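Numbering (the working numbering), first residue to last: 4 to 64.
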């Protein structure tokens, strides 16, 4: 599961950097950047939460 979190974080970082390059100078970039950062944080939190639940299920067996 740690590999999944790492790959997901790298993909989100790539998307943020790519959008920074493509949309530089755009007046609404700050909103796009905020949405991407919130999306990345939310996705990593959801994956981490599911991995904790999976560990708890495996410990009970």
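Where is the CB? At the ideal position from N, CA and C, for every residue including glycine. None of these values were measured; they are calculated from a predicted model.
**Item:** C-alpha distance - residue 105 paired with residue 31, whole-angstrom precision
**Value:** Limits of the chain in this structure are 4 at one end and 64 at the other, which puts residue 105 out of reach.
**Prompt:** In terms of alpha-carbon separation, which member of 61, 46, 51, 57 lies closest to residue 14?
**Reply:** Your numbering for residue 14 matches position 11 in the chain shown. Considering only alpha carbons, the answer is 46.
**Item:** Within 8 Å, strictly: CB atoms of residue 11 and residue 41
**Value:** Here residue 11 corresponds to residue number 8 of the chain shown, with the count starting at 1. Here residue 41 corresponds to residue number 38 of the chain shown, with the count starting at 1. Cβ distance not < 8 Å, so residue 11 and residue 41 don't count as in contact.
**Request:** State the Cα-Cα distance for the pair residue 8 and residue 55, rounded to the nearest angstrom.
**Result:** As a working note, residue 8 is residue 5 in the chain shown. As a working note, residue 55 is residue 52 in the chain shown. About 12 Å.
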